[in-house]
């Protein structure tokens, strides 16, 4: 199982990522070990989507980072 997840950073921005181990990845964000979110800790897990394959997770992550994907994510998940 793979996950596409949405984090709310302390500056209010939303970070989108994907991982096969959501708990481990979230912990690494919280500890400031991820360059993209390190300056904006603590972060909150807002939502996640579980999918069966890494390929699908990467496709969804890319989509949710696009303009129309962000709009859908905000409307449906956030």
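Numbering (my numbering), first residue to last: 180 to 257.
Even for Gly, the Cβ is constructed at its ideal location relative to N, Cα and C.
Source: prediction; values computed, not measured.
Contact set for residue 183: own chain, Cβ-Cβ below 6 Å, skip 5 residues either direction:
The count along the chain shown starts at 1 and reaches residue 183 at position 4. For residue 183, where only same-chain residues beyond five positions count, the Cβ hits under 6 Å are 197, 228, 236, 239, 240.
For residue 211, which residues from the same chain have a beta carbon less than 6 Å from its beta carbon, with the 5 sequence-adjacent residues on both sides left out?
To locate residue 211, count along the chain shown from 1; it is residue 32. Answer for residue 211: 217, 220, listed in chain order.
Length-filtered (3 minimum) beta strand (DSSP E) runs lying within the stretch 215–246
223–230
Considering only their Cβ atoms, is the gap separating residue 252 from residue 193 smaller than 9 Å?
Taking the chain shown and counting its residues from 1, one reaches residue 193 at position 14. Taking the chain shown and counting its residues from 1, one reaches residue 252 at position 73. In this structure, residue 252 lies closer than 9 Å to residue 193 by Cβ.
When you compare the CB positions of residue 224 and residue 186, do they come within less than 9 Å of one another, or not?
Within the chain shown, the letter at position 45 stands for residue 224. Within the chain shown, the letter at position 7 stands for residue 186. Contact: yes.
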